[in-house]
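Residue numbers (the numbering used here): 301 to 540.
Every residue gets a Cβ at the ideal spot worked out from N, C-alpha and C, and that includes glycine.
These figures come from a predicted structure and were not determined experimentally.
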């Protein structure tokens with residue numbers, strides 16, 4: 301990570317066929333400076349290929365596959381000269397890009413797997429240990445990170461988010477009444493809910509989707525108006 305250039309993390313590497321060079325995504329404190337980079341195991345000086353908001357994968361023959369604004373593109377590249385050979389073309393009009401850098405596709409040789417940008421609606425269900433379906437829980441919805449309270453009276457969850465939706469919020473559902481409540485504590489997003497053993501508190505991470513991208517940990521006591529800050533040190537923290 302090059303802090304002088306404003307980088308705060310790097311990730312999502314994809315190797316070229318020579319198995320020495322690779323492309324990766326650089327996350328910057330300034331969202332306008334996020335970029336696709338080209339690096340080598342033999343050289344500590346990476347080169348910027350272009351600014352982008354999501355990752356890129358190498359695709360045979362000699363192409364970069366990348367997402368931008370929910371659209372997936374393919375573009376032939378001259379990696380020796382670090383410049384494109386021709387214009388990018390659309391290969392998928394709808395691919396999921398849930399947050400910075402993350403895009404739901406992967407390339408291996410000539411094969412591509414992907415998930416569309418549409419929010420997936422799922423149904424929460426309760427099963428017995430022998431696999432028997434007990435009942436459906438609540439209405440269908442874009443549930444993610446579902447966690448059951450230790451007393452089995454409530455479910456905490458977050459909703460899937462895309463570039464078209466509001467940032468993640470904390471939701472609670474009472475299993476007896478199946479009433480769902482949304483909680484907004486004034487931060488851009490939250491996730492990673494973890495219950496206390498007595499089912500009275502929830503720890504969760506809070507973050508700003510517009511960058512920079514550290515996350516704090518907060519603890520909320522059920523029925524209290526506001527959570528309290530537990531950890532804020534400028535790093536990306538998640539409770540467990």
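Residue from the options whose Cα sits closest to the Cα of residue i
| i | options | result |
| --- | --- | --- |
| residue 324 | 315, 332, 457 and 330 | 315 |
| residue 340 | 382, 303 and 505 | 382 |
| residue 503 | 363, 355 and 527 | 527 |
| residue 355 | 344, 386, 322 and 430 | 322 |
| residue 407 | 317, 524 and 435 | 317 |
| residue 476 | 497, 438, 444 and 442 | 438 |
| residue 320 | 370, 306, 303 and 379 | 379 |
| residue 347 | 330, 371, 305 and 386 | 305 |
| residue 533 | 349, 448, 401 and 507 | 507 |
| residue 448 | 474, 434, 423 and 436 | 474 |
| residue 453 | 412, 498 and 423 | 498 |
Sequence-distant residues of its chain with Cβ nearer than 7 Å to residue i (five each side left out)
| i | result |
| --- | --- |
| residue 529 | 516 and 518 |
| residue 521 | 500 and 501 |
| residue 416 | 394, 395 and 396 |
| residue 368 | 352, 353 and 354 |
| residue 492 | 445, 504, 505, 538 and 539 |
| residue 434 | 426, 427 and 428 |
| residue 423 | 436 and 440 |
Chain-order list of residues whose beta-carbon lies under 8 Å from that of residue i (same chain, five-residue window excluded)
| i | result |
| --- | --- |
| residue 531 | 516, 517 and 537 |
| residue 389 | 373, 374 and 375 |
| residue 310 | 301, 324, 325, 326, 327 and 337 |
| residue 469 | 458, 459, 482, 483, 484, 489 and 490 |
| residue 421 | 440, 441 and 442 |
| residue 363 | 374, 375, 376 and 377 |
Same chain, Cβ closer than 6 Å to residue i, neighbours up to 5 away in sequence not counted
| i | result |
| --- | --- |
| residue 360 | 409 and 410 |
| residue 384 | 375 and 377 |
Limits of the beta strand (DSSP E) - the one that residue i falls within
| i | result |
| --- | --- |
| residue 457 | 454-459 |
| residue 326 | 321-328 |
| residue 389 | 389-392 |
| residue 480 | 480-483 |
| residue 310 | 307-315 |
| residue 474 | 470-474 |
Assumed close pair residue i, residue j - CB separation to whole angstroms, cut-off 8 Å
| i | j | result |
| --- | --- | --- |
| residue 480 | residue 471 | 6 Å |
The ligand ATP heavy atom lying under 7 Å from the CB of residue i
| i | result |
| --- | --- |
| residue 323 | In the structure on display, the ligand ATP does not appear, and there are no ligands present to speak of. |
Practice item. Ignoring anything shorter than 3 residues or poking outside the stretch 494-540, list the beta strand (DSSP E) runs there in chain order. Key: Entirely contained in the stretch 494-540, the beta strand (DSSP E) runs reaching 3 residues are, in chain order, 501-507, 515-521 and 528-531.
Check your understanding: If you scan the stretch 336-375 from start to end, which runs of the beta strand (DSSP E) of 3 or more residues do you find wholly inside it?
Key -> Here the runs fully enclosed are 343-351, 356-359 and 363-368.
Exercise for review: Any chance you could list the beta strand (DSSP E) runs of at least 3 consecutive residues sitting entirely within the stretch 405-454, in chain order?
Suggested key: Taking only runs of at least 3 residues, the beta strand (DSSP E) segments lying wholly in the stretch 405-454 are 405-408, 411-414, 422-427, 433-441 and 443-448.
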